[in-house]
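Note that this note's numbering gives residue 99 to position 85 of the sequence shown, counting from 1, and the numbers run on in steps of one.
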Amino acid sequence: MRKTVIAGNWKMNKNLSEAAELVNGLKAELAGKTLNVGVIVCPPYVNIESVAKLAEGTEIKVGAQNMYFEESGAYTGEISADMLKSVGAEYVILGHSERRTIFGENDEVINKKMKKALEAGLKPIFCIGETLEEREGGTMKEVIAKQVKGGLSGISEQELSEIIVAYEPVWAIGTGVTASPDQAQEVHAYIRGMLKEMYSEVAADNMTIQYGGSVKPGNAKELLGMPDIDGALVGGACLKADSFAGIITAV
Ligand code: PEP
Numbered sequence: 015m016r017k018t019v020i021a022g023n024w025k026m027n028k029n030l031s032e033a034a035e036l037v038n039g040l041k042a043e044l045a046g047k048t049l050n051v052g053v054i055v056c057p058p059y060v061n062i063e064s065v066a067k068l069a070e071g072t073e074i075k076v077g078a079q080n081m082y083f084e085e086s087g088a089y090t091g092e093i094s095a096d097m098l099k100s101v102g103a104e105y106v107i108l109g110h111s112e113r114r115t116i117f118g119e120n121d122e123v124i125n126k127k128m129k130k131a132l133e134a135g136l137k138p139i140f141c142i143g144e145t146l147e148e149r150e151g152g153t154m155k156e157v158i159a160k161q162v163k164g165g166l167s168g169i170s171e172q173e174l175s176e177i178i179v180a181y182e183p184v185w186a187i188g189t190g191v192t193a194s195p196d197q198a199q200e201v202h203a204y205i206r207g208m209l210k211e212m213y214s215e216v217a218a219d220n221m222t223i224q225y226g227g228s229v230k231p232g233n234a235k236e237l238l239g240m241p242d243i244d245g246a247l248v249g250g251a252c253l254k255a256d257s258f259a260g261i262i263t264a265v
């Protein structure tokens with residue numbers, strides 16, 4: 015059975031003390047509750063270690079928002095998979111649309127990062143999604159297929175089991191516009207169908223496919239009630255402990 019996982023992408027928000035306040039707030043919100051979902055928080059690099067220490071002994075796991083695909087060396091400003099592991103990260107978001115559009119990451123670069131993360135024992139949260147123009151222009155499935163094939167190129171079925179896929183329609187990220195449960199379900203089922211063709215029925219069935227794009231406590235239950243939606247990647251609504259906890263407990 016696949017697992018439902020709720021992950022929070024803090025993006026470039028929260029300094030050291032704010033990060034501690036947020037994770038402590040989340041711990042307090044979740045204390046004493048039996049969770050049937052996995053919970054991941056992805057703070058900025060500089061706060062990973064402190065957040066991981068504060069989350070020790072709780073259900074909250076920690077991830078990074080990016081990494082570089084080289085082992086070490088003259089790559090000024092970059093962070094390696096090994097460095098992330100050494101400060102307590104277990105997950106890493108790769109291929110987020112902001113990385114693709116603002117920082118020019120393509121499928122090839124994302125694929126190299128996926129491979130490096132897996133080699134280092136980090137679990138990728140692999141993001142894909144179409145823009146509004148692509149959806150309206152009728153190329154949505156082509157775009158998704160290219161991102162899935164490009165990002166997963168050369169990745170084995172065993173490695174796939176360490177990956178979470180996040181479908182994030184670009185037009186729904188940070189806009190307050192959410193894909194309807196039916197719109198999201200259609201793409202999730204399409205992605206799962208691709209994974210079945212590329213790997214196997216078992217691998218596809220076991221895959222956690224999150225939805226991301228303006229998820230809030232008020233719409234989480236309906237979205238996650240769809241058969242192929244297995245969690246959420248949350249941006250804006252994860253920056254307050256009560257709203258992130260509201261999403262976690264809604265499911
Ligand atoms: C995201 O950036 O991954 C995201 C889903 O953001 P938001 O929830 O703010 O739309």
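Every residue, glycine too, gets a C-beta built ideally from N, C-alpha and C. All values reported here derive from a predicted model rather than from experimental measurement.
Starting from residue i and walking both ways along the beta strand (DSSP E), at which residues does that stretch end?
{"i": "I139", "result": "137-142"}
{"i": "K75", "result": "74-78"}
Would you tell me roughly how many angstroms separate the C-alpha atoms of residue i and residue j, rounded to the nearest one?
{"i": "G226", "j": "P138", "result": "15 Å"}
{"i": "E144", "j": "V162", "result": "12 Å"}
{"i": "G135", "j": "K126", "result": "14 Å"}
{"i": "E43", "j": "E35", "result": "12 Å"}
{"i": "T72", "j": "G151", "result": "45 Å"}
{"i": "L238", "j": "D244", "result": "6 Å"}
{"i": "E70", "j": "L132", "result": "23 Å"}
{"i": "A186", "j": "I62", "result": "27 Å"}
{"i": "L40", "j": "K28", "result": "14 Å"}
{"i": "V157", "j": "G52", "result": "29 Å"}
{"i": "L209", "j": "T153", "result": "19 Å"}
{"i": "Q79", "j": "G249", "result": "11 Å"}
{"i": "G77", "j": "F258", "result": "16 Å"}
{"i": "W24", "j": "V37", "result": "11 Å"}
{"i": "I116", "j": "E84", "result": "21 Å"}
{"i": "L166", "j": "D196", "result": "26 Å"}
By the three-class DSSP mapping on this structure, what secondary structure does residue i have?
{"i": "N23", "result": "strand"}
{"i": "Y105", "result": "strand"}
{"i": "R113", "result": "helix"}
{"i": "E92", "result": "coil"}
{"i": "N233", "result": "helix"}
{"i": "M128", "result": "helix"}
{"i": "L49", "result": "coil"}
{"i": "D242", "result": "coil"}
{"i": "E122", "result": "helix"}
{"i": "Y59", "result": "helix"}
{"i": "E133", "result": "helix"}
Where do the ends of the alpha helix (DSSP H) carrying residue i lie?
{"i": "A159", "result": "154-166"}
{"i": "V53", "result": "Premise fails: V53 lies in the beta strand (DSSP E), 52-56, not in any alpha helix (DSSP H)."}
{"i": "S100", "result": "95-100"}
{"i": "S257", "result": "255-264"}
{"i": "L30", "result": "30-44"}
{"i": "K67", "result": "62-69"}
{"i": "E150", "result": "146-150"}
{"i": "E173", "result": "171-174"}
With DSSP as the reference, identify every bridge partner of residue i, one or two as the case may be.
{"i": "L247", "result": "A21, G226"}
May I ask whether a heavy atom of the ligand COA can be found less than 7 Å away from the beta carbon of residue i?
{"i": "I139", "result": "What this structure holds is the ligand PEP, not the ligand COA."}
What are the complete beta strand (DSSP E) segments, minimum 3 residues, inside the region 176-229? Correct list: 178-181, 223-226.
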